[in-house]
Each structure stands twice: as structure tokens, then as C-alpha cells.
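Working notes, beginning with the structure itself.
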Amino acid sequence: MIKLETELEGKKALYGEVSEILRNHGFDIGGNWDFEQGMFDKPLSAGEEGETIYLRLPFDVVDGEMDNDNALLVFRTPFVLKHVEDVEVDGEDSAVLTTSGLEQFRSPADKDAPIQQKSSWAESGEQEVARVVNDLV
Numbered sequence: 059m060i061k062l063e064t065e066l067e068g069k070k071a072l073y074g075e076v077s078e079i080l081r082n083h084g085f086d087i088g089g090n091w092d093f094e095q096g097m098f099d100k101p102l103s104a105g106e107e108g109e110t111i112y113l114r115l116p117f118d119v120v121d122g123e124m125d126n127d128n129a130l131l132v133f134r135t136p137f138v139l140k141h142v143e144d145v146e147v148d149g150e151d152s153a154v155l156t157t158s159g160l161e162q163f164r165s166p167a168d169k170d171a172p173i174q175q176k177s178s179w180a181e182s183g184e185q186e187v188a189r190v191v192n193d194l195v
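Residue numbers (our numbering): 59 to 195.
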């Protein structure tokens, strides 16, 4: 994981407004949210063998609940991380998962794999966050 130095940390925004801006930048709400916190995720690179580099924008809900457009969010420190998916295809379960679309819910083999060229990925992440911050103003 690479923590990023950006102007996003500490910024506040309403969920309904910021989620639209972030969707326009290619972000989606991460799967591990609850009513008090969450993350917006954007893949920066999808490489071979199930390796994906993500930019994550974590936040806390300081007023309201996450499923409400009027929920007030405050952003924490953005970071870049690498997931390595389990790309092994094995047995009948794989066919069932693929056919039903459930393969997308498989847990990564490594949720925080080592990242090569850290300074390059940090720069890419910081530039993307700067574009988001410009649209939040």
C-alpha cells in the first residue's frame, strides 16, 4: 500500500454530490462499506495474471447514514494498493461461478500485494486525486 499526500484528506462533501463526481472520474463505491465508513475505488491498471492496481479514497460518515444522499462524508488519506486475484480455474465450482456471474465476488489471493515502481504509482494516484479535488471545489 502506498499512502498519498493530497489535498483530499479532511475534505467534507455530501455523498449524493461526491458520488456523482467520482463516478464521472471512474470511481465506484467499494464493497466493504457500512453506514459509518467506506471507500471509493478506481482501477489504475489491470495487468496480466489477475493483478490490478487500485486508487482508494476512504471516508468516514460524520452525519447521516451512508445510503442517504445527504450523508456528510469526510475523506481520509487516499492510497494505492495492488490486488492479485485468484485466476486458477479449477473444477465444477469455477464453471458455476463464471456462468452465474459470481466470480466477481471471489476474494483476492493477495489484497495488498507488493507494488513495483512505487513512486510512479504514487504520482499517478496523486494526479488523479488532484483532478477529483478540482471538481469538488
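We put the CB at the ideal spot given by N, CA and C, even for glycine. Every value quoted in this text rests on a predicted model; they were computed, and no experiment measured them.
Going by the CB atoms, is the gap between residue j and residue i shorter than 8 Å?
i, j, result
"Trp179", "Ile87", "no"
"Gly74", "Asp127", "yes"
"Val142", "Ile111", "no"
Quick check on this structure: which residue in the options has the alpha carbon closest to the alpha carbon of residue i?
i, options, result
"Asp193", "Val138, Arg81, Leu62", "Arg81"
"Pro136", "Val195, Leu72, Phe85, Glu78", "Phe85"
"Glu109", "Phe133, Lys140, Lys100, Glu94", "Lys140"
"Glu186", "Lys70, Ser103, Met124", "Ser103"
"Pro101", "Met124, Val119, Arg114, Asp92", "Arg114"
If you drop the 5 nearest sequence neighbours on each side, which residues of the same chain put their C-beta closer than 6 Å to that of residue i?
i, result
"Val191", "Glu65, Leu66"
"Ile79", "Asp193"
Can you tell me which residues form a DSSP beta bridge with residue i?
i, result
"Met97", "Pro116"
"Ser77", "Paired residue(s): none; Ser77 is not in a bridge."
"Val195", "For Val195, which the question treats as bridged, DSSP gives no partner whatsoever."
"Val190", "For Val190, which the question treats as bridged, DSSP gives no partner whatsoever."
"Asp121", "Leu130"
To which residues of the same chain is residue i closer than 8 Å at the C-beta, ignoring the five residues directly before and after it?
i, result
"Glu63", "Glu184"
"Phe117", "Gln95, Gly96, Met97, Phe98, Leu131, Val132, Phe133, Arg134"
"Leu72", "Asp127, Asn128, Ala129, Leu130, Leu131"
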